[in-house]
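Chemist: Protein chains in written order, with the numbering used here: chain P, 6 to 130; chain Z, 6 to 130. Just so it is clear, CB atoms sit at the ideal spot from N, CA and C, and this is done for glycine as well.
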DNA sequence: CTAGAACCTGACGTTAACGTCAGAGGCAAG
DNA sequence: CTTGCCTCTGACGTTAACGTCAGGTTCTAG
């Protein structure tokens with residue numbers, strides 16, 4: 006993408022970001038407050054986003070669903086958009102991965118117990 | 006187990022339940038407040054539990070980790086200790102199972118994205 | 001020009017499973 | 001009897017990601 010094209014990129018407002026990502030407008034403002042998402046401002050003060058803000062917000066949702074806090078996501082954002090990582094960030098990445106793995110195992114165990122009960126209650130009407 | 010043996014079962018106090026299950030004393034009191042765990046009382050008012058309270062509390066923890074609320078657990082408890090279920094309870098069991106499955110999928114997707122980044126940052130020191 | 005949709009900045013409310021503190025009793029050992 | 005640990009009730013505090021409301025400005029279609 007050239008500089009000319011980047012300068013010509015159509016900017017979108019907060020409502021379009023929210024609808025595109027399937028979240029509330031309030032949530033998008035919250036992400037900015039937490040330092041996750043930076044927006045330009047129109048002369049009248051309205052937030053203006055680049056179009057890649059939509060998949061970015063979707064990514065935030067995915068990380069939230071995985072149990073990462075907004076603070077942790079801000080600390081790990083450089084790993085994505087710059088590719089730059091120091092030792093501390095790599096350690097955090099691995100820690101989060103291990104935590105998610107452990108949580109998957111916990112959920113699987115709970116799922117097995119539920120399936121067990123469901124099987125029993127289905128055969129004993 | 007005979008009636009005589011049941012009557013002779015050694016009752017334990019709240020601290021032993023908590024230590025045995027790996028939770029805080031406060032948590033055990035909370036479970037009683039939410040109707041999850043019923044305790045006898047000593048003449049002086051101290052809570053007395055049967056020994057199977059320990060695995061029961063562990064079970065609560067597992068369900069909490071799977072995202073069930075204490076309210077939902079109380080609604081589903083009869084499915085375990087009585088084996089009795091009505092249509093509503095069976096529907097709730099399936100709904101929880103489906104929710105947990107969906108969450109496992111979400112976590113797995115997030116895990117894949119993290120592993121991807123970890124692989125990249127490891128090959129680009 | 002005007003109505004209505006969309007946007008703005010605060011700021012308080014929500015939820016669940018506990019943590020924590022205060023003040024007061026209870027229980028076994030020496 | 002007293003020391004020290006355990007237990008009691010009651011009540012306020014915590015956390016994260018928003019929801020919701022108030023009161024005001026801005027954009028846009030007709």
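For residue 116(Z), which residues in chain P fall below 8 Å Cβ to Cβ?
Modeler: Within chain P, the residues near residue 116(Z) are 71, 102, 105, 106, 109.
Chemist: Which of helix, strand or coil does DSSP assign to residue 37(P)?
Modeler: In this structure, residue 37(P) counts as helix in the three-state DSSP scheme.
Chemist: Leaving aside the five residues before and after residue 81(P) along the sequence, list all residues of the same chain whose C-beta is less than 7 Å from its C-beta, in chain order.
Modeler: Excluding sequence neighbours, residue 81(P) sits near 94, 97, 98.
Chemist: Residues of chain Z with a CB under 8 Å from the CB of residue 68(P): which are they?
Modeler: Simply 115.
Chemist: Quick check: what's the CA-CA separation for residue 73(P) versus residue 89(P)?
Modeler: So the alpha carbons of these two residues sit roughly 20 Å apart.
Chemist: Quick one: what does DSSP say residue 80(Z) is sitting in, helix, strand or coil?
Modeler: Three-state result, residue 80(Z): helix.
Chemist: Got a sec? Which residues, its chain only, sit under 6 Å from residue 16(Z) by beta carbon, not counting five neighbours each side?
Modeler: If we look at residue 16(Z) and ignore the five residues flanking it on each side, its Cβ neighbours are 53.
Chemist: Counting only beta-carbon atoms, is residue 65(Z) nearer than 9 Å to chain P?
Modeler: So, not an interface residue.
Chemist: Run down chain Z in chain order and give the residues with a C-beta less than 8 Å from the C-beta of residue 95(P).
Modeler: Residues of chain Z passing the Cβ test: 123, 126, 127.
Chemist: Span of the alpha helix (DSSP H) holding residue 119(Z)?
Modeler: First-last of the alpha helix (DSSP H) with residue 119(Z): 92-128.
Chemist: Could you work out which residues of chain Z lie near residue 99(P), taking near to mean beta carbons separated by less than 8 Å?
Modeler: Result: 123.
Chemist: What does residue 90(P) touch in chain Z if you count any residue whose Cβ is under 7 Å from its own?
Modeler: Going along chain Z in sequence order, the residues near residue 90(P) (Cβ under 7 Å) are 126.
Chemist: Please identify the residue among 20(P), 79(P), 85(P) whose C-alpha is closest to the C-alpha of residue 30(P).
Modeler: The option with the nearest alpha carbon to residue 30(P) is 20(P).
Chemist: Output needed for residue 47(P): all residues of its chain with C-beta closer than 8 Å, excluding positions within five of it in sequence on either side, in chain order.
Modeler: If we look at residue 47(P) and ignore the five residues flanking it on each side, its Cβ neighbours are 53.
Chemist: Would you list the residues sitting across from residue 53(P) in a DSSP beta bridge?
Modeler: Answer by DSSP bridge pairing, in chain order: 45(P).
Chemist: List, in chain order, every chain Z residue whose beta-carbon is nearer than 7 Å to that of residue 120(P).
Modeler: 102, listed in chain order.
Chemist: Using the Cβ count rule (16 or more neighbours within 10 Å means buried), how would you classify residue 92(P)?
Modeler: That one is exposed.
Chemist: Under the assumption that residue 26(P) contacts residue 62(P) (Cβ atoms under 8 Å), give the Cβ distance between them as a whole number of angstroms.
Modeler: About 4 Å separates the two Cβ atoms, so the contact holds.
Chemist: So with CB distances below 9 Å, who are the chain P contacts of residue 112(Z)?
Modeler: What residue 112(Z) touches in chain P: 70, 71, 72, 105, 106, 108, 109, 112.
Chemist: May I ask you to list the residues that DSSP assigns as paired with residue 17(P)?
Modeler: Its beta-bridge partners are 54(P).
Chemist: DSSP three-state call for residue 25(Z): helix, strand or coil?
Modeler: In this structure, residue 25(Z) counts as helix in the three-state DSSP scheme.
Chemist: Below 7 Å CB to CB, which residues in the same chain sit around residue 68(P) once its five sequence neighbours on both sides are set aside?
Modeler: So the qualifying residues of the chain are 78.
Chemist: Taking Cβ to Cβ, would you say residue 58(P) is nearer than 9 Å to residue 42(P)?
Modeler: Yes.
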